[in-house]
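Below is one structure, written out as C-alpha cells; comments come after it.
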Amino acid sequence: MKMTRREVAGLALSAAAGLAQELGERPQRDPSVEVVNPGGKVPVSLLIDDSTCLVNLAHFGIPHFAEAYPDRYKQDWRSLPREIPDSFVREFGEWTRTNGVKGKYSIVPYPACVGWVDRDMPGWSRKQLNDSLHLVRTLIAPNWDIHPEMITHTWAIDTKTGRPFPQRTEAFMENFGWSQNKSVDELADYIGYALRILKNAGLPCEGHTTPGGFAGRNLVNLSKATLQACKDVYQTEIPHYFRHAFQDARSVAPRVENVSGLHTADPRCVVSIIGCTGDWFGGWDGLETPTLDKFITADLQGGRMPEVIRRGEPAIMLCHWPGIYCNGKKDGYHTLQKIHERLMAGYKDRIAWMKVGDIARYWAAKELTAIARDGNTIRFKAPFACPGFTLKLATQRVSQIRAQGKVEWKADSAGLIVTFDLPKGESALTLS
Ligand SMILES: [Zn+2]
C-alpha cells in the first residue's frame, strides 16, 4: 500500500541498490552466444498489491496508518466498502484468463488484523472464506503468482504469540519501521510466518511482496531472508520477491542475487522482480483517477510501457487491488482492459504476458547457465530447467539444429534466434 513510500525508499537507495546486493557466483559464457528474451518476446506482467480474501485492505488499514501518522491518512475510510466481493474476483479472473493477462496477486494473510485467511475472517462465514480461497486456487493461481504481502500489511506481529506488538508507532508497522534493523534470521522468521499461513490455506507460492517500505533500508538482509524463508516453507526452487519499482532510466530487468552452489546438486539464487510504472490505476485506496496515457497513449507510441518494451526489458506494471475495484466503480479494471487493448494493437507480436515466477525462472537460467561453444556444438550446464530458452547466434545459415527436445529457429538480420526447452543439467545444441 502507499506507493509513495515504496518509491521514496527505492529512490533513496537507487544509487546503491544494484551494488548493495550480493550477487554471488556467475558461470562461464561463450561470448558468441547471447541469451535473449523468451521466444524473442518482451515479457509483460502486472503486479497486484493489497489483495486478499474478501477484506478491502484500504477500509481496514487506513485507521491503523492514521494511528501511527495522525496528520496523514485523512481518507474517510468509513465510506469505503469493507469488502471487495468475490463476484468481482470472478469477473476479473475470467477476463484475465480469457485474454492471457498474467502477473502476481497478493493474498495478505492477516489483513489489517481482521482475521486469518487459513482460519477465520470475522464478518464473513467460514464457507464464504473457503469459497473465496477456492476461487483464488482455481481461477487466479494458474495465471498469477500468489504472494503474501507480509502478515498484516499494518501492525507488525510478534511471531512467538501471533499477536500484534502493543506499541502504536511507525516503528511497529510492517510497511514503515519494523523491518529496517532486523537480521537475516529475524526477517526470514517473519517472512516464513507469512508464507506458512498461505501454505495452510492451500495456496501455491514461490515468493513474496514487501508492503510499502518494508526493509527498504535493509536490502541485503531482505534478499537473503527471502531465499531462506521460501526454501524453508515451500522448498521453492527459485524464490523471488517484489520490492522495487523504477520509473526512470535505470534497468528494470530482474536481478539474480545471492547465487551459490552452481556446481553442486543444490544450486541457489533469489530473484528481485522490478516494476516499471507507478500505480496509475485507482491507487492503494481506490480514490485516485486512473491515467491510461501514462501507461500507453492512444497512438500506441507514448507512455511508459512502449518505452520499456522498446528497451527490450520486462515491462511490469503495478497496481493495488482496491484501485482496480475503485470502490465498486471498477475504473482501474476498465483502465487495465484498455491498456491490454492498446498493447495488443501495437505490440502483439513483440510481447508475451508472463507470471512473475516464470520471469524469475527465465532470468535465473539466462544468467546462470554455463555456455561453451565448440565449433557447431553449443554445450549447456543449467542449474535450472527453462522452457522457451532463447539464444541469438551470430551464425546466419543453418540447415538443421538438433537439441534434446523440440527446437525452433528463425533467421533475423543480426543472426539466428533459436528457441528450445532447456533441461536442467548438461545438454547440447548441434548446428549443421
Ligand atoms: Zn501493499
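Residue numbers (our numbering): 52 to 483.
Where is the CB? At the ideal position from N, CA and C, for every residue including glycine.
Everything numeric in this text was worked out from a predicted model, so none of it was measured.
Label S302 either buried or exposed according to how many other C-beta atoms from any shown protein chain fall within 10 Å of its C-beta, with 16 as the threshold for buried.
exposed
Considering only DSSP beta bridges, list what W206 is partnered with.
In the DSSP output, where bridge partners are listed per residue, W206 has M224.
Quick check on the burial criterion: 16 or more other C-beta atoms within 10 angstroms. Buried or exposed for H185?
exposed
What are the boundary residues of the alpha helix (DSSP H) that includes H185?
Segment 177–186, the alpha helix (DSSP H) holding H185.
DSSP has I468 in a bridge; who is on the other side?
K443, K461, per the DSSP bridge assignment.
For a test of the three-state rule: what should DSSP assign to C281, helix, strand or coil?
Under the three-state reduction of DSSP output, C281 falls in the helix class.
With a threshold of 16 other CB atoms inside 10 Å of the CB of Y161, please say whether the residue is buried or exposed.
buried
Drop a sphere of 10 angstroms on the beta-carbon of P341, count the other beta-carbons inside from all chains shown, and report buried for 16 or more, exposed for fewer.
Classification of P341: buried, given that the 10 Å Cβ count is 16 or more.
Alpha carbon to alpha carbon, how far is E200 from D472? Give it in angstroms, no decimals.
Looking at the two C-alpha atoms, the distance is approximately 32 Å.
Three CB pairs or more closer than 8 Å across the segment 425–440 and the segment 365–381:
no
Classify M224: buried if its beta carbon has 16 or more other beta carbons within 10 angstroms, exposed otherwise.
Buried: at least 16 other Cβ atoms inside 10 Å.
Excluding sequence positions up to five away, which residues of its chain have a Cβ less than 6 Å from the Cβ of D382?
G333, P341
Run the proximity test for H204: is its beta-carbon closer than 7 Å to any non-hydrogen atom belonging to ligand 1?
yes
Minimum C-alpha distance to Q298 - residue among E257, P217, F346:
F346
Could you compute how far the alpha carbon of K233 sits from the alpha carbon of D463?
50 Å
Just mark Y120 as buried or exposed, buried being the case when its beta carbon has 16 or more other beta carbons within 10 Å.
exposed
Under three-state DSSP, which class holds P89?
helix
When the Cα atoms are used, what is the spatial distance from K491 to E145?
The chain is shown from 52 up to 483; residue 491 falls before or after that span and cannot be answered.
Are the CB atoms of K153 and M405 within a distance shorter than 8 Å?
yes
Does the beta-carbon distance from R188 to G258 come in below 8 Å?
Not a contact, by the Cβ cut-off of 8 Å.
On the criterion of 16 or more Cβ atoms from any shown chain inside 10 Å, does M172 qualify as buried, or is it exposed?
When all chains shown are included, M172 counts as buried.
To the nearest angstrom, how far is it from the Cα of T420 to the Cα of K432?
6 Å
Let me confirm a value: H521 is counted as buried when at least 16 other C-beta atoms fall within 10 Å, else exposed. Which label applies?
With the chain represented from 52 up to 483, any question about residue 521 goes unanswered, as that position is not in the structure.
Could you check if S65 is buried or exposed, using at least 16 other CB atoms within 10 Å of its CB as the buried criterion?
Since pLDDT at S65 reaches only 40, below the 50 mark, its modelled position is unreliable, and the value read off the structure follows with that caveat. Residue burial annotation: S65 is exposed, with fewer than 16 other C-beta atoms found within 10 angstroms of its C-beta.
Would you mind reading off the limits of the alpha helix (DSSP H) that contains K389?
382–398
Let's test the definition: count the other Cβ atoms within 10 Å of the Cβ of H198 and tell me whether it reaches 16, buried, or not, exposed.
H198 is buried by the Cβ-count criterion.
Which residue from W229, M356, P193, W206 puts its Cα closest to that of R148?
P193
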